[in-house]
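Here the structure comes first, spelled out in structure tokens, and everything after it is commentary.
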Amino acid sequence: MSTVISVENLSKKYIISHQKQERYTALRDVLANSARRFTHKLTHPFAAPENNPTHEEFWALKDVSFDIQQGDRLGIIGRNGAGKSTLLKILSRITEPTSGKASIKGRVASLLEVGTGFHPELTGRENIFLNGAILGMSKAEIKKKFDEIVAFAEVEKFLDTPVKRYSSGMYVRLAFAVAAHLEPEILIVDEVLAVGDVGFQNKCFKKMGEFEGRGATVLIVSHNISLITRLCNRGIILQSGSLDFDGPVLDAANRYSAITSESLRSYKIWAEHVAPGNETVRLLSIKAISEINDQGDFFDIRRPITIEFSYRVYQSSAALNSAFFLYNQDNIIVFISSGTHDPEWAGRKRQAGLYTSRCVIPGNFLAEGTYSIQAIINTVDNIKSPTVHVNEKNAIGFKIYDPLEGGSAREQHSGAYYGVVRPILVWNTAYGE
Amino acid sequence: MSNSHNHEMVIMAGQTDRHYWFDLWRYRELFYFLAWRDISVRYKQTVIGIGWSVIRPVLIMVVFTIVFGKLAKLPSDGVPYPILVFTAMLPWQFFSNAFTDAGNSLIGNTNMISKVYFPRLIIPTSAIIVSLVDFAISFLILIGLMFWYEFYPDWRMLTLPLFITYAFITVLGASVWIAALNVKYRDFRYIIPFVVQFGLYISPVGFSSNVVPEQWRLLYSINPMVGVIDGFRWAILGGTSQFYWPGFLLSLFLVLVILVTGIVYFRKTEKTFADVI
């Protein structure tokens, strides 16, 4: 392993101006300002130079340092404006850092946008050559891969049609196909994999797998954390231009979901006096626990997940029942489960005291994705209208990922995979008449 | 492929990139592709396509011949007036088209500049190449005119490539300046048409520069296009056209100064293009 990219104290400053909408400067303002400053100097020769109130410095990137080894697949995570794209732009030499330095060993291809330089009036064929040249391929190289690119994009019939007549799907496929046939040692990708339909995405993933197989180093920026966990082995988090975390991709994903307030944690603990509930019962905590990862919010698809309710009963009363709704990221209720199946306590009256109820969701059952749990404690005295003591929507949440190590339904298949649940089912085939 | 140096590439602030000229060479194919893109796009949606690059210079030539040759009765040094005008129209049209296109070329390719790395000098230069196509077409018209008037050039015609190169350098210097300034100060968008319009009158397009009084001749040559046009006339019109050396050398000197400072300025601001465009 050798270091292919070394970033030292990289910083980038932008001057943002508050008055104008445009990013460019108008000459008249420059002239007017210099004239004003000049007269100011004449009239107040000993005054300190006034600073310009309409301009403010903004550090898009501040003192970022890290090294990337050959073959690393680095995911760069962060919110909008955290400096991800600025970092990629500096590494792609599109813009220059304000200070610090980056050393890169090897051929770099950067793909910050799909179809840069495509011209709507030109045909598919012409655009392949143009776009290839823009991405740095030689004409000979493009010619050699031409058929492959066309087959990948599935646009054989429309090669001599201007791309303005293409459907948006065809356009994107063609654009991505050109980029996918670069053979760099270092690939820099910004948010571009999220294009096309599922079938096409699978092709892209396969292509990414080929890069990996060749030992290429990959840098990816994406908001799609599950994609990052699937494609990368290492993650860095940028926050307001600074490096917040650098380490294994799962830890990075966990940390990122912890610092982004909108995502739910995998456990919630309440102080008793504010705990949800009433004079009958209060829910003190609810946790989702996976065998190997009881801190983070990312659970291995192969491991069972335990949902644990902890609650205090204040009055001996009717039979209490804990239950939960499991929602996926599309807000679909994947299933409901309830303690009415608890062999010991179902239907039994409770004494006052602390109880812990557990329910195990088997491994290889839920599909990859983000889940949330609505926690309920009720008394089923009347089947038609149970008395609800606790009803916490979005109480906790977790994410399920597939490390692609085998042992799951998708095995080594890295592309998109359908389904709300993902069980491994038993198959057998009989042969004969 | 993007950066096929086997050695290490270092990115840091204010560093003059040692690979720049090497990169420029390596991206030469992009340069052809961009020129070819602009040429093919230009003629794809026009009805008479290439005809436009014939009609414009011919009409201007007709008007100038009538106004300067017939009405103002300016001397033509024994050359048919249409040929005198057209010989100057060639470099002038080339200059005005190339200057307009190249001057706006960077802001017309904002998308590429903010998403891909390549030496930015490719963009204005390839825009100038596009204008060379129009130049070639106009040149065919000139040959037609010469046959019509039975006016044949002498050996000096062989020096024409030198003057074409000279015209190219002139427009490259001016365009590189304007294109770079245009990125930062959009005011230059309005300066371009002004320069082109104004330049047509202060350059010896409709008349021979011999009509300029001797004492003003050197001052007149501060306009670099005077040197270019005089050079074209000298090479094409042959013996009847006088060559004014002091003016030409002054022109040449100014052109080189503009080119060198232009490239220096361009290189200096190039790295901020993606930030301000």
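For the protein sequence lines, the chains are A and B, in the order given. Take any residue in the first sequence, note its place counting from 1, add 2, and you have its number in the working numbering. Take any residue in the second sequence, note its place counting from 1, add 36, and you have its number in the working numbering. For glycine and all other residues, C-beta sits at the position ideal for the given N, C-alpha and C.
Does DSSP put residue i in a helix, a strand or coil?
i	result
Ile149(B)	helix
Pro388(A)	coil
Ile334(A)	coil
Met37(B)	Residue confidence for Met37(B) is low, a pLDDT of 40 falling below 50, so the modelled location carries little weight and cannot support an answer.
Thr231(A)	helix
Phe367(A)	coil
Val110(A)	strand
Phe40(A)	helix
Thr5(A)	strand
Leu240(A)	strand
Glu158(A)	helix
Asp74(A)	coil
Arg284(A)	strand
Pro229(B)	helix
Lys22(A)	Legend: pLDDT at Lys22(A) = 49, less than 50; position of this residue unreliable, no value from coordinates given.
Val423(A)	strand
Gly105(B)	helix
Asp344(A)	coil
Glu185(A)	coil
Phe279(B)	coil
Phe309(B)	helix
So, at 8 Å on beta carbons, what are the nonlocal neighbours of residue i in its own chain, with the 5 sequence-adjacent residues on each side left out?
i	result
Lys166(A)	Pro122 and Glu123
Glu193(A)	Val223, Ser224 and His225
Leu161(A)	Thr125, Gly126, Arg127 and Val152
Tyr185(B)	Pro116, Pro118 and Ile119
Closer than 7 Å by C-beta to residue i: which residues in its own chain qualify, once you throw out the five before and the five after it? Chain order, please.
i	result
Val232(B)	Ser132, Phe135 and Thr136
Ser339(A)	Ala325, Phe326 and Cys361
Glu250(B)	none
Tyr419(A)	Arg412
Ala203(B)	Pro127, Phe130, Phe131 and Val264
Ala354(A)	Val315, Tyr316, Gln317 and Ser318
Arg216(A)	none
Met172(A)	Val157 and Phe160
Pro405(A)	Asp302
Pro99(A)	Leu12, Ser13, Lys14 and Ile92
Report buried or exposed for residue i, applying the criterion of at least 16 other Cβ atoms within 10 angstroms of its Cβ.
i	result
Asp170(B)	buried
Leu285(B)	exposed
Phe309(B)	buried
Ile47(B)	buried
Trp281(B)	exposed
Met139(A)	buried
Tyr329(A)	buried
Lys146(A)	exposed
Met193(B)	exposed
Ser141(B)	buried
Leu198(B)	exposed
Ala216(B)	buried
His183(A)	buried
Pro160(B)	buried
His391(A)	buried
Val422(A)	exposed
Val32(A)	exposed
Excluding the 5 residues flanking residue i on each side, which residues of the same chain have their C-beta closer than 6 Å to its C-beta?
i	result
Glu394(A)	Pro278 and Ala377
Glu212(A)	none
Ala111(A)	Leu184, Pro186 and Leu189
Ser244(A)	Lys64
From the DSSP output, read off the bridge partner residues of residue i.
i	result
Asp192(A)	Val223(A)
Glu394(A)	Ala377(A)
Leu328(A)	Phe337(A) and Ile375(A)
Met48(B)	Lys103(A)
Phe300(A)	Lys401(A)
Glu310(A)	Lys289(A) and Arg360(A)
Ser13(A)	Ser101(A)
Lys351(A)	Ala321(A)
Phe204(B)	Per DSSP, none; premise fails for Phe204(B).
Within 8 Å (strictly less), CB to CB, does residue i reach chain E?
i	result
Gly102(A)	The structure shown contains no chain E; its protein chains are A and B.
Review point. In chain order, what residues of the stretch 96-116 of chain B put their CB closer than 8 Å to some CB of chain A?
Key: none
Check your understanding: What residues from the stretch 129-158 of chain A come within 8 Å of chain B, judged by C-beta to C-beta, listed N to C?
Key -> Within the stretch 129-158 of chain A, the residues whose Cβ lies closer than 8 Å to some Cβ of chain B are Phe131, Leu132, Ala135, Ile136, Leu137, Gly138, Met139, Ser140, Lys141 and Glu143, listed in chain order.
**Study point:** Near-chain B residues of the stretch 338-359 of chain A (beta-carbon distance less than 8 Å), N- to C-terminal order
**Key:** none
Practice item. With 8 Å as the limit, tell me which residues of the stretch 88-100 of chain A have their beta carbon closer than that to any beta carbon of chain B; keep them in chain order. Key: So the close ones are Lys91, Ile92, Leu93, Ser94, Arg95, Ile96, Thr97, Glu98, Pro99 and Thr100.
Point to revise | Where the stretch 357-388 of chain A meets chain B: residues whose CB sits under 8 Å from a CB there | key: Those would be none; no residue qualifies.
Point to revise | Short-range partners of chain B found in the stretch 156-178 of chain A, where Cβ spacing is below 9 Å | key: If the cut-off is 9 Å between Cβ atoms, the stretch 156-178 of chain A has Pro164 near chain B.
Point to revise | Positions along the stretch 149-179 of chain B whose CB lies within less than 9 Å of some CB in chain A | key: Ile149, Ser150, Lys151, Val152, Tyr153 and Phe154
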